[in-house]
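*Asks:* For the sequence shown, counting from 1, position 98 maps to 98 in UniProt numbering; every step adds exactly one. Ideal Cβ positions, reconstructed from N, Cα and C, are used throughout, including at glycine.
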Amino acid sequence: MHWNPEQIDSLLRDMASSLESMGSMGGADDAGTTALVGIESGGAWVARALNERLSTPLPLGFLDANFYRDDFEKRGLKKSIKPSKLPFDVEGAHLILVDDVLMTGRTIRAAMNELFDFGRPASIRLMVLFDIGRRELPIRADICGEVLSLPADQRVELSGPDQLEASVQAVRNGH
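#1: Quick one: Cα of residue 28 to Cα of residue 20, how far?
#2: By DSSP's criteria, residue 34 is part of a beta bridge. Which residues make up the other side?
#3: Which partner residues does residue 125 have in the DSSP bridge list?
#4: Could you spell out the range, first to last residue, of the beta strand (DSSP E) harbouring residue 145?
#5: Between the C-alpha atoms of residue 13 and residue 96, what's the straight-line distance to the nearest angstrom?
#6: Could you have a look at residue 182 and say whether DSSP puts it in helix, strand or coil?
#7: Considering only DSSP beta bridges, list what residue 238 is partnered with.
#8: Determine the burial state of residue 121: buried for a count of at least 16 other Cβ atoms within 10 Å of its Cβ, exposed for fewer.
#9: Going by alpha carbons, who is nearest to residue 151 out of 143, 103, 114, 141?
#10: Would you tell me roughly how many angstroms separate the C-alpha atoms of residue 44 and residue 62, rounded to the nearest one?
#11: Measure from the alpha carbon of residue 123 to the alpha carbon of each residue in 33, 9, 172, 15, then state which is nearest.
#12: Rounded to a whole number of angstroms, what is the C-alpha to C-alpha distance between residue 46 and residue 38?
#13: Just confirm the distance between the C-beta atoms of residue 108 and residue 132, as a whole number of angstroms; I'd bet it's less than 8 Å.
#14: Check residue 108 in the structure and name its three-state DSSP category.
#15: Hey, quick one: how far does the alpha helix (DSSP H) through residue 61 stretch, first residue to last?
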């Protein structure tokens with residue numbers, strides 16, 4: 001399976017429309033900031049591209065949750081760890097956490113742990129480009145571009161950042 005830039009664009013437009021139709025994430029008296037937070041690296045690419053498709057772009061931040069993972073001893077750390085950049089106050093904010101692929105839920109859990117080190121958000125919603133199941137934690141996406149059912153030896157790989165494409169790849173080195 002392969003998704004070319006036009007197909008990814010279509011998924012992103014649908015996701016942006018779904019986000020905008022959700023309306024305000026807070027209550028009537030809640031003035032908290034609503035912001036996108038992309039998880040490095042694929043989620044950051046998706047968050048940037050998604051923000052470009054919103055009628056009113058949102059504040060945009062990025063985080064690298066590698067140090068917060070509970071399985072990094074088994075997986076190892078990525079070669080290029082980037083510093084988190086959240087140019088808004090997390091305290092009381094309504095955050096939309098964005099990732100490219102939701103699989104076990106461990107990256108999302110790690111990202112939420114890191115977010116709480118910056119403050120206590122009013123709410124966190126999750127948007128993913130692809131959901132391939134295989135949950136190990138009870139985490140689900142509020143908005144998803146596409147749900148796939150893949151065999152255990154396959155995963156979705158996103159390439160970018162300028163033109164986003166995705167394809168199903170064989171699992172390398174057990175992850």
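*Replies:* Looking at the coordinates:
#1: Residue confidence is low: residue 28 scores 43 on pLDDT, short of 50, so the model does not pin down where it sits. Its coordinate-derived value is still stated next. If you take the alpha carbons of residue 28 and residue 20, they lie about 17 Å apart.
#2: 94
#3: 96
#4: 143-147
#5: 16 Å
#6: Residue coverage of the chain in this structure runs from 1 to 175, which leaves residue 182 outside it and unanswerable.
#7: This structure does not reach residue 238, given that the chain is present from 1 up to 175, and the question cannot be answered.
#8: buried
#9: 103
#10: 6 Å
#11: 33
#12: 7 Å
#13: That pair is no contact at about 13 Å.
#14: helix
#15: No alpha helix (DSSP H) contains residue 61, which is instead part of the beta strand (DSSP E) from 60-63.
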